[in-house]
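Protein sequence lines, in the order shown, are assigned to chains Z and D. Number 123 in the numbering used here belongs to position 119 of the first sequence; there are no gaps in the numbering. Number 219 in the numbering used here belongs to position 215 of the second sequence; there are no gaps in the numbering.
2 protein chains.
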Amino acid sequence: MSDERSASCDTAAQAGRFAAGADPVKREQILDGAKRVFMSVGFDAASMNDITREAGVSKSTIYVYFANKDELFAAIMERERMQLTQSLQDLLSGIEDVEEGLFRYGVGFALQVTAVGTVSAMRTMIAVASRMPQLSGQFFQQETLNVRTVLEHFLEQQVARGTLRVDDIPLAARQYIELCTGTFFKLCLFGVARTPPSTSEIERVVTGAMKLFMAGYGVKKSDPSMQ
Amino acid sequence: MSDERSASCDTAAQAGRFAAGADPVKREQILDGAKRVFMSVGFDAASMNDITREAGVSKSTIYVYFANKDELFAAIMERERMQLTQSLQDLLSGIEDVEEGLFRYGVGFALQVTAVGTVSAMRTMIAVASRMPQLSGQFFQQETLNVRTVLEHFLEQQVARGTLRVDDIPLAARQYIELCTGTFFKLCLFGVARTPPSTSEIERVVTGAMKLFMAGYGVKKSDPSMQ
DNA sequence: GTGCAATCGAACCACTCGGTTCGAAAAGGT
DNA sequence: ACCTTTTCGAACCGAGTGGTTCGATTGCAC
């Protein structure tokens with residue numbers, strides 16, 4: 005039954021014909037339009053009439069695809085979270101050198117969290133965090149853990165290789181993340197910085213972060229001939 | 005004329021009789037009630053009917069004191085900002101020892117930014133930052149500058165005393181602030197941490213921050229007899 | 001061309017919103 | 001007790017809210 009339905013959907017994808025509420029193109033169209041309104045004015049000030057206009061579909065169609073405003077919002081935030089998480093997965097793939105890894109992670113992460121889309125998604129989620137604890141918990145919990153886990157694994161590897169000496173890996177990972185991104189993220193979130201920081205500014209701050217981090221955790225090379 | 009009015013107000017303060025909309029007790033009552041609603045559900049979801057009930061005054065009285073919802077909100081956020089700024093003014097007064105100063109600043113600041121009241125004020129302001137850029141700009145700009153300036157002055161003093169070697173004071177100040185508070189603040193803001201961190205947890209993280217900071221910027225004592 | 005179904009969009013619903021009006025009640029001064 | 005003024009609170013206003021209904025239009029398959 006479900007296999008039959010799945011096959012039917014795959015076939016229909018070529019044909020452009022779906023059951024009501026099942027057209028992925030129409031669904032994305034709604035999500036895209038709604039996202040623009042939610043990210044612009046937040047959940048409460050986003051009206052379904054505004055979303056109808058922005059998405060370019062009928063309001064009754066929106067209600068065929070989503071049960072209510074809350075469900076539409078949740079779908080958008082989940083989509084945002086997945087995109088954000090996805091883009092951070094491979095920041096440290098295949099890297100073995102400690103400074104190259106730290107630099108690449110720091111810059112990549114800073115670019116990600118200061119991007120306009122990320123900031124507005126965060127801001128929108130923060131605004132309703134106390135009223136929608138489950139949704140916000142899911143959004144921030146997963147994202148936070150994933151980002152730090154990647155760095156923690158990398159630090160563990162470096163400790164095993166003898167390039168770093170770290171007693172508390174989770175604390176060190178937190179410290180490095182905050183050194184690289186903390187101020188940037190806050191300035192963007194608060195609206196003090198109207199545009200994302202430049203890449204060169206990010207690189208400058210990440211370089212300083214690395215320098216401090218290595219001063220605290222780096223293992224000095226004891227053999228001068230290896231320099 | 006204005007002197008006469010001012011004297012009249014001072015006298016009346018003892019007597020309990022004010023011109024309409026000029027009673028400071030009634031004004032605070034409105035602000036307190038409105039604050040509770042705004043901080044709980046945000047600007048948009050806070051209705052003037054809710055605020056009327058919470059403040060325990062008539063809606064028409066609220067409109068005698070404040071022109072509209074926006075003005076009421078702005079007055080509350082300004083009051084919050086001033087309280088926040090005030091409480092951070094003297095964190096480093098009279099301290100000369102570098103590690104004592106760093107510890108005291110780190111712990112004091114972390115306790116302040118993770119307090120429930122601070123977090124909800126920030127969250128509420130962030131939610132409307134893109135719609136009320138002037139208000140949010142004022143709120144965050146002043147607060148951010150003041151907090152960091154205090155630390156920068158302290159670092160400058162320590163550099164002059166020879167206990168720290170810092171090329172870039174503003175960057176170092178940012179780094180230390182983020183090391184001490186960055187993760188705590190975000191976890192609270194995102195609603196992941198449901199309660200503020202314990203003082204012992206803050207002290208643990210601040211101690212780690214100091215250790216890292218001194219590893220990077222501290223001037224080692226070259227005279228053993230001074231230990 | 002025909003038939004079927006998804007989508008459209010105008011109209012509708014009960015309710016809430018921010019803000020206004022104004023007579024009654026309350027408070028304070030003399 | 002009387003007078004004045006502040007505050008109260010019920011009723012009101014036009015606009016907007018999320019969500020529903022349903023005949024007309026459109027799009028796709030055959």
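In this text, a Cβ means the ideal position worked out from N, Cα and C, and glycines have one as well.
Asked, Found
"Should Z/Gly112 be flagged as near chain D, meaning a C-beta pair shorter than 8 Å?", "no"
"Might you give, ordered along the chain, the residues of its own chain that have their beta carbon closer than 7 Å to the beta carbon of D/Gly25, omitting 5 neighbours on each side?", "Val68, Tyr69"
"Less than 8 Å between C-beta atoms, sequence neighbours within five positions excluded: which residues of the same chain meet that for D/Met214?", "Glu103, Leu106, Phe107, Gly110"
"Measuring CB to CB, does D/Leu95 end up less than 8 Å from D/Phe113?", "yes"
"Let me know the secondary structure DSSP gives D/Leu168 once reduced to three states.", "strand"
"Contact criterion: CB-CB distance below 8 Å. Does Z/Gln116 meet it with respect to chain D?", "no"
"Look up Z/Gly222 in the DSSP assignment and give the residues it is bridged to.", "Z/Leu168"
"Hey, would you say D/Ala59 sits closer than 8 Å to D/Gln33, going by beta carbons?", "yes"
"In three-state terms, what does DSSP make of Z/Ala78?", "helix"
"Is Z/Ser204 buried or exposed, if buried means 16 or more other CB atoms sit within 10 Å of its CB?", "exposed"
"Go through its chain and collect everything with a Cβ distance to D/Ser12's Cβ below 8 Å, but skip five positions before and after it.", "Low confidence applies to D/Ser12: its pLDDT is 40, below 50, so where it sits in the model is not reliable enough to give any reading."
"With a threshold of 8 Å between beta carbons, is Z/His157 in contact with chain D?", "no"
"Taking the continuous alpha helix (DSSP H) assigned at Z/Glu182, which residues delimit it?", "173-193"
"Using a Cβ-Cβ cutoff of 9 Å, what residues of the region 204-227 of chain D are near chain Z? List them in chain order.", "Arg208, Val209, Gly212, Ala213, Lys215, Leu216, Phe217, Met218, Ala219, Gly220, Tyr221"
"Would you tell me roughly how many angstroms separate the C-alpha atoms of Z/Thr128 and Z/Leu191, rounded to the nearest one?", "16 Å"
"Nearest-angstrom Cα distance between Z/Phe22 and Z/Ala119?", "35 Å"
"Within 10 angstroms of its Cβ, does Z/Arg198 collect 16 or more other Cβ (buried), or is it exposed?", "exposed"
"Counting pairs of beta carbons, one from the region 70-83 of chain Z and one from the region 27-42 of chain Z, are three or more of them closer than 8 Å?", "yes"
"Report the option in D/Gln142, D/Ile206, D/Glu156 whose CA atom is closest to the CA atom of Z/Leu175.", "D/Ile206"
"Give the residues from the region 124-137 of chain Z that approach chain D closer than 7 Å (Cβ to any Cβ), ordered along the chain.", "Arg127, Ile130, Ala131, Ala133, Ser134, Arg135, Pro137"
"For D/Asn53, which residues in the same chain have their Cβ closer than 8 Å to its Cβ, ignoring the five residues on either side in sequence?", "Lys63"
"Starting from the Cα of Z/Arg85, find the closest Cα among Z/Ser97, Z/Thr56, Z/Val61, Z/Thr122 and give me that residue.", "Z/Thr122"
"Just the chain Z side, please: which residues come within less than 7 Å of D/Ala49 by C-beta, in chain order?", "Asp48"
"What's the gap between the Cα of Z/Gln179 and the Cα of D/Asn72?", "44 Å"
"Just tell me which of D/Lys30, D/Asp27, D/Gly186, D/Arg57 has its CA closest to the CA of D/Arg40.", "D/Arg57"
"Residues in the same chain with beta-carbon distance under 8 Å from D/Asn150, minus the five sequence neighbours each way, listed in chain order, please.", "Thr89, Leu92, Gln93"
"Can Z/Val117 and Z/Phe189 be called in contact, C-beta distance under 8 Å?", "yes"
"Could you name the residues of the same chain whose beta carbon sits closer than 7 Å to that of Z/Phe143, not counting the 5 residues immediately before and after it, in chain order?", "Met81, Arg85, Met129"
"Counting only Cβ pairs nearer than 7 Å, list the residues of chain Z close to D/Arg178.", "Thr187"
"Between D/Ala177 and D/Met218, what straight-line distance do the alpha-carbon atoms span, to the nearest angstrom?", "13 Å"
"So for D/Ile130, helix, strand or coil by DSSP?", "helix"
"To the nearest angstrom, how far is it from the Cα of Z/Gln18 to the Cα of Z/Thr153?", "For Z/Gln18, the predicted model reports a pLDDT of 41, less than 50, meaning its position is unreliable and no value from the coordinates is stated."
"Label Z/Val210 either buried or exposed according to how many other C-beta atoms from any shown protein chain fall within 10 Å of its C-beta, with 16 as the threshold for buried.", "buried"
"Taking the straight line between their C-alpha atoms, what separation do you get for D/Val223 and D/Met126?", "37 Å"
"Taking the alpha carbon of D/Asp172 as the point to measure from, which residue in Z/Ile181, Z/Phe47, Z/Leu216 has its own alpha carbon closest?", "Z/Leu216"
"Can you pull out the residues from the region 191-203 of chain D whose beta carbon lies closer than 7 Å to at least one beta carbon of chain Z?", "Leu193, Phe194, Gly195, Val196"
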